[in-house]
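Peer 1: If you count the sequence shown from 1, you need to add 23 to reach our numbering.
Supplied in structure tokens, the structure appears directly below.
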Amino acid sequence: MSDTLLIDALRVIVGERGVVTDPHDLENYNVDWRHVFKGQARCAVLPRSTQEVAAVVRLCADQRIAIVPYGGNTGLSGGATPDDSGRQVVLSLARMNAIRDIDVLGETMEVEAGCILQTAQDAATQAGLMLPISLAAEGSARIGGILSTNAGGTNVLRYGMSRTRVLGLEVVTAQGEIVSGLRRLRKDNAGYDWKQWFIGAEGTLGIITAAVLQLAPQARHRVTALLAVPTPDAALKVLRAARHHIGETLNAFELMSGAALELVARHQAVKTPLASSDWFVLVEASSCLPGLRDAVEALFALVLEEGEATDGVIAESERQEAELWLLRESITEAEAREGRSLKHDVSVPIARIPAFLHEADAAVAQAFPGSRVNAFGHAGDGNIHYNVIMRADADGHALNRLVHDLVVRQGGSISAEHGIGQYRVSELERCRAAPELQLARRIKRALDPAGTMNPGKVMTLTQQAD
Ligand code: 2HG
Ligand code: ZN
């Protein structure tokens with residue numbers, strides 16, 4: 024099918040304004056926000072309804088045209104960036120952004136894939152509830168992308184990954200059929216839980232068009248605090264004490280190196296209220312019941328007395344809370360301004376974080392002299408962003424292999440929350456055992472036999488052995 028015929032056919036489905044072909048406008052779809060991944064889309068198409076998504080997918084499936092689903096373009100693994108063939112069609116969900124329904128008693132929200140996370144959070148708050156998915160990119164990330172990548176964020180410790188929020192899902196399959204399972208049930212054991220196949224599949228099996236999300240009661244009493252800790256080991260002792268003393272109220276337990284906060288001070292002019300330290304921990308806890316602040320103060324007195332923390336501050340106002348979070352949420356931007364950095368979004372069993380950091384720091388310093396480690400992350404979940412700032416000519420693949428080998432040795436994962444996208448395909452295939460990879464390929468072939476759904480992401484299909 025010629026470009027002109029394809030564009031005309033797409034316009035019939037989604038309307039004149041729903042197809043982007045202008046090279047300047049296509050740039051948004053060709054490049055990820057960090058400008059690390061670049062491709063060339065044939066065009067971008069923006070359907071307004073699930074029926075339109077299905078019609079676009081059917082047209083492309085007929086013509087064997089590959090589709091790259093696209094949310095808020097906030098990913099860090101290139102999952103929404105087309106290849107450079109100029110043949111792939113980017114399908115953006117941006118015009119499907121309705122919040123269809125909020126059920127206050129059942130604590131659920133039915134929402135379309137293109138809704139921005141923050142909009143969905145605000146709607147839940149207005150209804151007297153909360154949507155407990157929280158991440159730095161929440162002002163731009165869209166629900167479909169969040170679910171397709173099973174995004175993590177800062178309160179996974181308490182509320183789980185995005186997957187755990189999903190009660191029901193509506194998808195368009197690779198063949199262009201609409202499968203709707205928009206049930207708002209907490210209990211639904213009727214056969215295979217097929218929605219899990221699409222959550223975290225990064226658009227390689229079909230397109231998520233809407234979801235029913237499980238909301239949570241608002242935890243109105245909130246305490247946010249920053250602690251200086253001497254070592255990652257001490258940070259874990261604080262974590263253990265926090266889990267023991269304030270238990271399920273702990274939303275977030277974020278570890279940040281002193282070096283990470285120096286980057287933030289340099290590039291974002293945001294400074295920590297505490298004296299310099301090798302490590303810091305940002306803690307947030309919340310509860311429906313009063314008395315939390317006293318419990319957190321008692322906890323802090325304890326860890327300061329034991330020497331597990333050396334200094335600390337508890338936010339006194341919402342403004343101060345926001346200032347403490349700004350430190351944490353500015354790290355990614357600050358790192359991007361510092362120069363070339365290679366990201367390692369790794370997880371290890373929590374107890375092994377100190378050993379991993381120790382081994383990785385030594386190995387990286389030895390193999391890549393002059394590189395600088397920017398380590399921070401969701402220590403309460405065992406997830407460390409072990410990013411390395413290095414010279415433009417340094418061998419990034421060798422660095423990735425070195426870090427990932429150490430992760431695997433500690434029983435960890437080479438992607439905790441950012442997904443595989445196009446960035447980690449070869450590393451996943453190197454680090455995961457063959458039976459796991461074969462199982463994944465079998466699912467891919469069953470659901471997308473023509474291989475038109477986001478090809479080249481998550482896995483390659485060249486090994487046809489199984
Ligand atoms: C975060 O935790 C994000 O802030 C981004 O997952 C991490 O920049 C990164 O590596
Ligand atoms: Zn993160």
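Glycine is no exception: its CB is placed at the ideal position from the N, C-alpha and C atoms.
This structure is a prediction, so every number in the text was calculated from the model and none was measured.
(1) Give the range of the beta strand (DSSP E) segment to which S115 is assigned.
(2) Which first and last residues belong to the beta strand (DSSP E) in which P92 is found?
(3) Within the same chain, show all residues whose beta-carbon is closer than 8 angstroms to that of A427, passing over the 5 residues directly before and after it, in chain order.
(4) Here's the rule: buried if 16 or more other CB atoms are within 10 angstroms of the residue's CB, otherwise exposed. What is C311?
(5) Let's test the definition: count the other Cβ atoms within 10 Å of the Cβ of A248 and tell me whether it reaches 16, buried, or not, exposed.
(6) I want to know whether the segment 251-264 touches the segment 209-222 - three or more CB-CB distances under 8 angstroms.
(7) Taking the straight line between their C-alpha atoms, what separation do you get for I412 and D418?
(8) Which of the three DSSP states is assigned to A27 in this structure?
(9) Exposed or buried, which one is R40 when buried takes at least 16 other CB atoms within 10 Å?
(10) Measure the CB-CB distance between F379 and L429 and report whether it falls below 8 angstroms.
(11) Determine the extent of the alpha helix (DSSP H) in which A78 is found, giving its start and end residues.
(12) Give me whichever residues DSSP pairs with W302 in a beta bridge.
(13) Using only alpha-carbon positions, find the residue among D55, G335 and T196 that is nearest to I466.
(14) Which partner residues of A398 appear in the DSSP bridge assignment?
(15) Would you kindly report the start and end of the unbroken alpha helix (DSSP H) that includes G168?
(16) Hey, is E440 close to ligand 2, as in C-beta under 7 angstroms from one of its heavy atoms?
(17) To the nearest angstrom, how far is it from the Cα of Q486 to the Cα of L82?
(18) Please state if the CB of A473 and the CB of R497 are separated by a distance shorter than 8 angstroms.
(19) For the segment 184-254, which segments carrying the alpha helix (DSSP H) assignment without a break, of at least 4 residues, lie completely within its bounds, in sequence order?
(20) For D21, which of E307, S300 and L315 has the nearest alpha-carbon?
(21) Could you tell me the distance, in whole angstroms, from the CA atom of V202 to the CA atom of I36?
(22) From A386 to L425, what distance separates their C-alpha atoms?
(23) Between which residues of its own chain and S163 is the CB-CB distance below 6 angstroms, once the five residues before and five after are set aside?
(24) How long is the line joining the alpha carbons of A488 and L140, rounded to whole angstroms?
(25) If you drop the 5 nearest sequence neighbours on each side, which residues of the same chain put their C-beta closer than 8 angstroms to that of A84?
(26) Hey, which residues come within less than 5 angstroms of ligand 1, measuring from Cβ to any heavy atom, in chain order?
(27) Closest to I354 by CA distance: which of R206, F399 and R316 is it?
(28) Reducing DSSP to helix, strand and coil, say where R118 ends up.
(29) Taking Cβ to Cβ, would you say V194 is nearer than 8 angstroms to I231?
(30) Which value, in whole angstroms, describes the spacing of the CA atoms of G38 and E75?
(31) By the three-class DSSP mapping on this structure, what secondary structure does A159 have?
(32) Hey, out of V235, D106, H58 and V371, whose CA is closest to A143's CA?
(33) With H, G and I counted as helix, E and B as strand and the rest as coil, what does DSSP make of A385?
(34) Checking the sheet assignment: what are the DSSP bridge partners for M153?
(35) DSSP beta-bridge partners for E21?
(36) Would you please state the rounded distance, in angstroms, between the beta carbons of D45 and L228? I believe it to be under 8 angstroms.
Peer 2: By the coordinates alone:
(1) Residues V112 to S115.
(2) I90 to Y93
(3) Note on identity: in this sequence residue 427 is His, with Ala being the wrong assignment. So the qualifying residues of the chain are H367, V369, I437, E450, R453 and C454.
(4) Flag for C311 reads exposed.
(5) buried
(6) no
(7) 12 angstroms
(8) Just to set this straight, residue 27 is Thr in the shown sequence, not Ala. Of the three classes helix, strand and coil, the one that applies to T27 here is helix, per DSSP.
(9) So R40 counts as exposed.
(10) yes
(11) T73 to Q86
(12) V252 and S280
(13) T196
(14) Y409
(15) I166 to S171
(16) Distance from the C-beta of E440 to the nearest heavy atom of ligand 2 is below 7 angstroms.
(17) Low per-residue confidence applies at Q486: pLDDT is 43, beneath 50, and the placement is therefore not dependable, though the value from the model is reported in the following sentence. Looking at the two C-alpha atoms, the distance is approximately 28 angstroms.
(18) Residue 497 falls outside the range modelled here, since the chain spans only 24 to 489, and no answer is possible.
(19) 218-221
(20) Because the chain here runs from 24 to 489, residue 21 falls outside it and cannot be looked at.
(21) C-alpha separation (whole angstroms): 19 angstroms.
(22) 8 angstroms
(23) Excluding its 5 nearest sequence neighbours in each direction, S163 has C-beta neighbours in its own chain below 6 angstroms: G95 and T97, listed in chain order.
(24) Note that A488 scores 36 on pLDDT, short of 50, meaning its location in the model is unreliable and no value can be drawn from it.
(25) A197, Q198, G199, A473 and T475
(26) A159, T355, K366 and H408
(27) The option with the nearest alpha carbon to I354 is F399.
(28) coil
(29) yes
(30) Approximately 10 angstroms, taken between the alpha carbons.
(31) Note: A159 maps to coil in three-state DSSP.
(32) V235
(33) helix
(34) A239.
(35) The chain is shown only over 24 to 489; residue 21 falls outside these bounds and no answer can be derived.
(36) Not quite, the Cβ-Cβ distance comes to about 31 angstroms (not below 8 angstroms), so this is no contact.
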